[in-house]
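Engineer: Residue numbers (the working numbering): 555 to 799.
Just so you know, even glycine gets a beta-carbon here, dropped at the ideal spot from N, CA and C.
Predicted model, so just to flag it, every value in this text is computed and none were measured.
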């Protein structure tokens, strides 16, 4: 693997294809990355395959050759299949407590160097402690004093004013709501404009229809007059008076 640091977010690896470097065959997709809680280092991952991902295969992180859009692993068919060690943990969902006994939030992800497997930062979602909103924040590895299977104890100073990593759900929902509100207003204006246009067009059609009706009535009346004139007989001239003188 390249010696240059390659920091990725754990969740970005999930569901990536896992390819056997030797045969170029797909062996499954990344299902879960596992850490050693004491060394704060990725020690392997499980790969899912088969019907509905029912088959799980363990790969040690030392087998990872390349991490890109696909994950290349080195598989030695002469060696027995490896199994997940007991010390492997998945820290997602760990409760974050401060060394002063306060609840700060929960671990939702982490950043690590795929070259070495070393975790650089955990990502935790705030529980609203000390006015910190429900955004996602960076938690340096050095700030963790104890990590167990269900919770981690961290320095209170490290999480009292944490560095924001990503916006929380409340901001995203707010942005979506704002967009929908603006879009609704635009839609109402468009509907009103269409309605006014349709009303104006209807009025024009109505005026035109009245005009055509008047012309048609005049034409009918003219035709009736012409017909009456054509069928009315002219009066016979009176005979001249006889000369009686």
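May I have the straight-line CA-CA distance separating residue 664 from residue 644, to the nearest angstrom?
Structural biologist: Roughly 11 Å between the two C-alpha positions.
Engineer: For residue 504, which beta-bridge partners are listed by DSSP?
Structural biologist: The displayed coordinates of the chain run from 555 to 799. Any statement about residue 504 would go beyond what the structure contains.
Engineer: Between which two residues does the alpha helix (DSSP H) containing residue 680 stretch?
Structural biologist: Element bounds for residue 680: not the alpha helix (DSSP H) but the beta strand (DSSP E), 673 to 680.
Engineer: Distance, Cα to Cα, residue 675 vs residue 693?
Structural biologist: For residue 675 and residue 693, the distance between alpha carbons rounds to 5 Å.
Engineer: Are the region 694 to 710 and the region 650 to 657 in contact at 8 Å, needing three or more beta carbon pairs?
Structural biologist: Touching, per the Cβ criterion.
Engineer: Can you give the Cα-Cα distance for residue 667 and residue 601, rounded to whole angstroms?
Structural biologist: Looking at the two C-alpha atoms, the distance is approximately 19 Å.
Engineer: What are the boundary residues of the beta strand (DSSP E) that includes residue 706?
Structural biologist: Segment 705 to 708, the beta strand (DSSP E) holding residue 706.
Engineer: Does residue 639 pass the burial test, meaning 16 or more other C-beta atoms within 10 Å, or should it be called exposed?
Structural biologist: With fewer than 16 Cβ atoms within 10 Å of its Cβ, residue 639 is classed as exposed.
Engineer: What three-state label does DSSP hand residue 607 in the structure shown?
Structural biologist: Reduced to three states, the DSSP call for residue 607 is helix.
Engineer: Write down the C-beta distance between residue 647 and residue 661 rounded to the nearest angstrom, noting that I regard them as a contact closer than 8 Å.
Structural biologist: At roughly 7 Å, the Cβ-Cβ gap stays under 8 Å, so residue 647 and residue 661 are in contact.
Engineer: With residue 573 as the anchor, note down where its beta strand (DSSP E) starts and where it stops.
Structural biologist: Start and end: 571 to 574.
Engineer: Going by the DSSP bridge assignment, what does residue 720 pair with across the sheet?
Structural biologist: BP columns for residue 720 point to 690.
Engineer: By Cβ distance, which residues of its chain are closer than 7 Å to residue 779, with the 5 residues on each side in sequence left out?
Structural biologist: Cβ within range, chain order: n/a, list empty.
Engineer: Output the residue ranges of the beta strand (DSSP E) runs that lie fully inside the region 579 to 629 and measure 3 residues or longer, sorted by chain position.
Structural biologist: The region 579 to 629 contains these whole beta strand (DSSP E) runs: 580 to 590, 595 to 603, 609 to 614, 618 to 621, 625 to 627.
Engineer: Here's the rule: buried if 16 or more other CB atoms are within 10 angstroms of the residue's CB, otherwise exposed. What is residue 631?
Structural biologist: So residue 631 ends up on the exposed side.
Engineer: Reducing DSSP to helix, strand and coil, say where residue 657 ends up.
Structural biologist: The answer is strand: DSSP assigns residue 657 an E or B state.
Engineer: What did DSSP end up calling residue 649 once you bin it into helix, strand or coil?
Structural biologist: In this structure, residue 649 counts as strand in the three-state DSSP scheme.
Engineer: For residue 718, count the other beta carbons within 10 Å of its own beta carbon; 16 or more makes it buried, fewer makes it exposed. Which is it?
Structural biologist: That one is exposed.
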